[in-house]
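The structure appears below as structure tokens.
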DNA sequence: GTTAAATATGTTAACGTTAACTTATTTCGC
DNA sequence: GCGAAATAAGTTAACGTTAACATATTTAAC
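Listed below in structure tokens is the structure:
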């Protein structure tokens, strides 16, 4: 395409017979410029339709006033909420937000990091699930002095701030709720038992069982292992459906399940209903996230709500602080409370 | 923060005692470089942890290999699907995708455009609802030779490609389906009658009524007017709820409604149930989009499915073509078929 | 064995902006 | 009315890269 060359500062300057620097001063509103000159420049800027070249500016200023957000599981409505909260907070400080999706796999994380680094963003917020390769790359990026904040991702590294919902306690309370209702055989859907170390929700589940002296039956924990180079690190409706089928085919099936997230729970509900069982009478179920769908399933889903807006806002603030910092401060951490929302998937109305 | 200065091409060159250009040739795999030199350079690149500075490269090359996607209504799962499709297509051609959210209002559209233009993206895909201010700004951007493709946005402008689902026919079929079921008083929720010109789904609704000689009762069409500077251009669950309440309070309420999208439909369903009415017996309802939630509402929602992945893919392809073009080609247009998905919100199982 | 083509590397300048410095003029306090 | 401070510009160079051109060496062709 024969692109009209963009109008530059020098074009304006040449037209008016002044120095480019003077034009720059007008455009950036700094330094001394006489009212008369300013008027002339502003007029020329408007008529010649000048727009500053952000790339050149970034190169010179060595900052882009842009922040990257790497989002996994963008289909989950809570991601949208998160992104919005981040964007709003950043915007009020004059920063732009660019979002990268890393939904399919762990290697996509790396691609996303790379593309943000290459574009010299001023900082990165990572809201994808942990995975080894991604973590490695992330450490490199942090080492190269890039400000990084992680949201709900198990990543402990010096100088990297951390925001998360209290997934462990959330998982604990969800499970305890089921125990309180008298359930003893409680399943977990959405992760492999091997992930107990990194998946806090699973950990909370295990802790709750332990706290009530219920022996863990590993067959009741079903789902994939960690994200790999070609499998996402979260759990989908289909996985929930398949997981529940597996649990229902056990010789002694669970009477209740805690699903890793609401999508998984919804998939599980489908499997339960398909098996001709009733919720919550035959199988009670708890999800996590409180997505909009949770109020509309039948029965409505008991779930754990996490404060997404707040997490986004805090993450943005932490990042802005780090970007503005003169020397790297210690890792800070914020863990926010979750709230158990009891609906009819665990407790019948009558 | 005391940033370690990034390693540059010249640093590598200086270390090896060669010209920066040679290093550039190795990094970009073009031009002649001896195997020996290449090895040395690659080794230095690795040990010194060099990464090309994308900003400098973009400035010199006058292109960023980055495309921007402006997304409205990011909470809608179909947006996620769209974004993913776009990203995948672009990625396979070596382009990065940056997403901007413009969810709250029309002025946010403009902010998003601006920030993408400032970052010198190579092209922009716009998937937000039309609004006057935004359209004006968009025209300027197009005039400045930026390749632009719009998705489902009513924006006719020379040189701007257009992809959309066939919302008009979709709306027509949804409404016809209700008429076929014997309904005569059919409401529309999610837009003001004044939007008949720009909102194809509403137009389809009106056309269907006309085709069956049903007189349009304007009181049955309820919802907001176009997006303004502080109201989004789509419709939410809350708006659906409120709209339905309004319709139910009419002296002669509708026996069926067509909602502008699934969220609106879900909100409307809540209002119907709250009024003690049954779906579909007392009020039948059809949505649009076929979001995952639609299968899980009670009753499951009859809706119109639009091919989001395909739209995203085609939009990406159109944009890539435009970016590669030597001279601006004529506006092209692709309209994809929708599919009516009949569930129990219009037809009882028994 | 000469010449042309291919290979290997270097030099220069420019992409558009702005920080830092310099110069000239004006304002103002006392 | 004088010196200091404030105002209003201009100049230079650099941010990191690479296109375009120049130069030197090797290989191939006949």
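Residue numbers (this note's numbering), protein chains in the order written: chain A, 1 to 350; chain B, 1001 to 1350.
Just so it is clear, CB atoms sit at the ideal spot from N, CA and C, and this is done for glycine as well.
>> To be precise: take each residue of the region 1047 to 1068 of chain B, compare its Cβ to all Cβ atoms of chain A, and keep it if any distance is under 9 Å. Which residues remain?
In response: 1049, 1051, 1052, 1053, 1054, 1055, 1056, 1057, 1058, 1059, 1062, 1064, 1066, 1068
> Using the beta-carbon count (16 or more within 10 Å), is residue 284 (chain A) buried or exposed?
Replying inline: Here the question's residue 284 (chain A) lines up with position 284 in the first chain. Residue 284 (chain A) is buried by the Cβ-count criterion.
>> Whole angstroms are fine: how far does the CA of residue 174 (chain A) sit from the CA of residue 311 (chain A)?
In response: Residue numbering aside, residue 311 (chain A) sits at position 311 when the first chain is read from its first letter. Residue numbering aside, residue 174 (chain A) sits at position 174 when the first chain is read from its first letter. When rounded, the distance between both Cα atoms is 21 Å.
> Thinking just about the alpha-carbon of each residue, which of B:1249, B:1205, B:1207, B:1191 is nearest to the one in residue 1224 (chain B)?
Replying inline: Within the second chain, numbered from 1, the residue matching residue 1224 (chain B) stands at position 224. When each option's Cα is compared against that of residue 1224 (chain B), the closest is B:1191.
> Considering only the beta carbon of each residue, do residue 27 (chain A) and residue 52 (chain A) sit closer than 8 Å?
Replying inline: For this step, residue 27 (chain A) is matched to residue 27 along the first chain. For this step, residue 52 (chain A) is matched to residue 52 along the first chain. Their beta carbons are under 8 Å apart, which means residue 27 (chain A) touches residue 52 (chain A) by this criterion.
> How many Å lie between residue 207 (chain A) and residue 214 (chain A) at the Cα?
Replying inline: Mapped onto the first chain, residue 207 (chain A) falls at position 207. Mapped onto the first chain, residue 214 (chain A) falls at position 214. Approximately 10 Å, taken between the alpha carbons.
>> Beta-carbon within less than 7 Å of residue 1103 (chain B)'s beta-carbon, same chain only, minus the 5 sequence neighbours each way: which residues are those?
In response: Translated into the one-based positions of the second chain, residue 1103 (chain B) becomes position 103. Excluding residues within five positions, the ones whose Cβ falls inside 7 Å are 1072, 1073, 1074, 1232.
>> The alpha helix (DSSP H) that contains residue 161 (chain A), what's its start and end?
In response: Within the first chain, residue 161 (chain A) is the residue found at index 161, counting from 1. First-last for residue 161 (chain A): 161 to 165, but that is the beta strand (DSSP E), not the alpha helix (DSSP H).
>> Looking at residue 1297 (chain B): is its Cβ nearer than 8 Å to the Cβ of residue 1178 (chain B)?
In response: Within the second chain, numbered from 1, the residue matching residue 1297 (chain B) stands at position 297. Within the second chain, numbered from 1, the residue matching residue 1178 (chain B) stands at position 178. Their beta carbons are not under 8 Å apart, which means residue 1297 (chain B) does not touch residue 1178 (chain B) by this criterion.
> With a Cβ-Cβ cutoff of 8 Å, do residue 239 (chain A) and residue 267 (chain A) count as a contact?
Replying inline: The residue labelled residue 239 (chain A) in the question sits at position 239 within the first chain. The residue labelled residue 267 (chain A) in the question sits at position 267 within the first chain. Taking 8 Å as the Cβ cut-off, residue 239 (chain A) and residue 267 (chain A) qualify as a contacting pair.
> Among A:289, A:261, A:253, which has the Cα closest to the Cα of residue 272 (chain A)?
Replying inline: Indexing the first chain from 1 puts residue 272 (chain A) at position 272. Closest by alpha carbon: A:253.
> Alpha carbon to alpha carbon, what distance is there between residue 1093 (chain B) and residue 1086 (chain B)?
Replying inline: Residue numbering aside, residue 1086 (chain B) sits at position 86 when the second chain is read from its first letter. Residue numbering aside, residue 1093 (chain B) sits at position 93 when the second chain is read from its first letter. About 11 Å.
> According to the neighbour-count rule (16 or more other Cβ atoms, all chains shown, within 10 Å of its Cβ), is residue 342 (chain A) buried or exposed?
Replying inline: Residue mapping note: residue 342 (chain A) aligns to position 342 of the first chain, counting from 1. Counting C-beta atoms within 10 angstroms of its own C-beta, residue 342 (chain A) has fewer than 16 neighbours from the protein chains shown and is therefore classed as exposed.
> What is the DSSP secondary structure of residue 261 (chain A), reduced to helix, strand or coil?
Replying inline: If you number the first chain from 1, residue 261 (chain A) lands on position 261. In this structure, residue 261 (chain A) counts as coil in the three-state DSSP scheme.
> Is the CB of residue 1010 (chain B) under 8 Å away from at least one CB in chain A?
Replying inline: Start at 1 with the first residue of the second chain, and residue 1010 (chain B) comes out as number 10. For residue 1010 (chain B), the nearest beta carbon of chain A is not closer than 8 Å to its own beta carbon.
>> Helix, strand or coil, according to DSSP, for residue 74 (chain A) in the structure here?
In response: Counting from 1 along the first chain, the entry for residue 74 (chain A) is found at position 74. Coil at residue 74 (chain A), not helix or strand.
> For residue 256 (chain A), which of A:162, A:46, A:244 has the nearest alpha-carbon?
Replying inline: Mapped onto the first chain, residue 256 (chain A) falls at position 256. Nearest option by C-alpha distance: A:244.
>> Can you confirm whether the region 142 to 162 of chain A touches the region 322 to 339 of chain A when touching is taken to mean that 3 or more C-beta pairs between the two stretches lie within less than 8 Å?
In response: Contact holds: three or more Cβ-Cβ distances are below 8 Å.
>> In the DSSP assignment, the alpha helix (DSSP H) including residue 1141 (chain B) goes from what residue to what residue?
In response: To locate residue 1141 (chain B), count along the second chain from 1; it is residue 141. Counting along the chain, the alpha helix (DSSP H) containing residue 1141 (chain B) begins and ends at 1132 to 1143.
>> 8 Å is my cut-off, CB to CB: does residue 24 (chain A) come that close to chain B?
In response: Taking the first chain and counting its residues from 1, one reaches residue 24 (chain A) at position 24. At least 8 Å separates the CB of residue 24 (chain A) from every CB of chain B.
> Which residues of chain A have a Cβ atom closer than 7 Å to the Cβ of residue 1266 (chain B), listed in chain order?
Replying inline: For this step, residue 1266 (chain B) is matched to residue 266 along the second chain. Neighbours of residue 1266 (chain B) on chain A, chain order: 296.
> Once you ignore the five residues that flank residue 1237 (chain B) on each side, which residues in its own chain have a CB closer than 6 Å to its CB?
Replying inline: Taking the first residue of the second chain as 1, we reach residue 1237 (chain B) at position 237. Excluding sequence positions up to five before and after residue 1237 (chain B), its CB lies within less than 6 Å of the CB of 1263, 1266, 1267, all in the same chain and listed in chain order.
>> So within the region 283 to 328 of chain A, which uninterrupted beta strand (DSSP E) runs reach at least 3 residues, ignoring any that extend past its ends?
In response: 284 to 286, 303 to 305
> On the three-state DSSP scale, how would you describe residue 153 (chain A)?
Replying inline: Here residue 153 (chain A) refers to the residue found at position 153 when the first chain is read from its first residue. Of the three classes helix, strand and coil, the one that applies to residue 153 (chain A) here is coil, per DSSP.
> From which residue to which residue does the alpha helix (DSSP H) around residue 96 (chain A) run?
Replying inline: Sequence index remark: in the first chain, residue 96 (chain A) carries index 96 (1-based). From DSSP, residue 96 (chain A) is part of no alpha helix (DSSP H) but of the beta strand (DSSP E) over 96 to 101.
> Which residues, in chain order, does the region 275 to 309 of chain A contribute to contact with chain B at a C-beta distance below 8 Å?
Replying inline: 292, 293, 296, 297, 298
>> According to DSSP, simplified to helix, strand and coil, what is residue 1002 (chain B)?
In response: Working through the second chain from its first residue, we reach residue 1002 (chain B) at position 2. Per-residue confidence for residue 1002 (chain B) stands at a pLDDT of 47, beneath the threshold of 50, marking its modelled position as unreliable; the derived number appears in the next sentence. The answer is coil: DSSP assigns residue 1002 (chain B) none of H, G, I, E or B.
> Tell me which same chain residues have a C-beta within less than 8 Å of the C-beta of residue 6 (chain A), skipping the five on either side of it?
Replying inline: For this step, residue 6 (chain A) is matched to residue 6 along the first chain. Excluding positions up to five away in sequence, the list reads 51, 53.
>> Suppose you measure from the CA of residue 289 (chain A) to the CA of residue 1062 (chain B); what does that come to, to the nearest Å?
In response: As a first step, residue 289 (chain A) is located in the first chain; it is residue number 289 there, counting from the start. As a first step, residue 1062 (chain B) is located in the second chain; it is residue number 62 there, counting from the start. Rounded to whole angstroms, residue 289 (chain A) to residue 1062 (chain B) spans 44 Å at the Cα level.
>> By the three-class DSSP mapping on this structure, what secondary structure does residue 1346 (chain B) have?
In response: Taking the second chain and counting its residues from 1, the one referred to as residue 1346 (chain B) is at position 346. Correct three-state label for residue 1346 (chain B): coil.
> Under the three-state reduction of DSSP, which class applies to residue 68 (chain A): helix, strand or coil?
Replying inline: Here residue 68 (chain A) refers to the residue found at position 68 of the first chain. In the three-state reduction of the DSSP assignment, residue 68 (chain A) falls in the strand class.
> Under a three-way DSSP split, which group does residue 1250 (chain B) fall into?
Replying inline: Counting from one through the second chain, the residue named residue 1250 (chain B) turns up at place 250. In the structure shown, residue 1250 (chain B) sits in coil (DSSP, three-state: anything other than H, G, I, E or B).
>> The alpha helix (DSSP H) that contains residue 1204 (chain B), what's its start and end?
In response: By 1-based counting over the second chain, the position of residue 1204 (chain B) is 204. Start and end: 1200 to 1211.
> Just checking, does the region 315 to 326 of chain A make contact with the region 120 to 139 of chain A on the three C-beta pairs under 8 Å criterion?
Replying inline: yes
>> So with CB distances below 7 Å, who are the chain A contacts of residue 1117 (chain B)?
In response: By 1-based counting over the second chain, the position of residue 1117 (chain B) is 117. In chain order: 51.
> Quick one, which residues of the region 1129 to 1158 of chain B are near chain A if we go by CB-CB under 8 Å, in chain order?
Replying inline: Answer in chain order: 1140, 1144, 1145, 1147.
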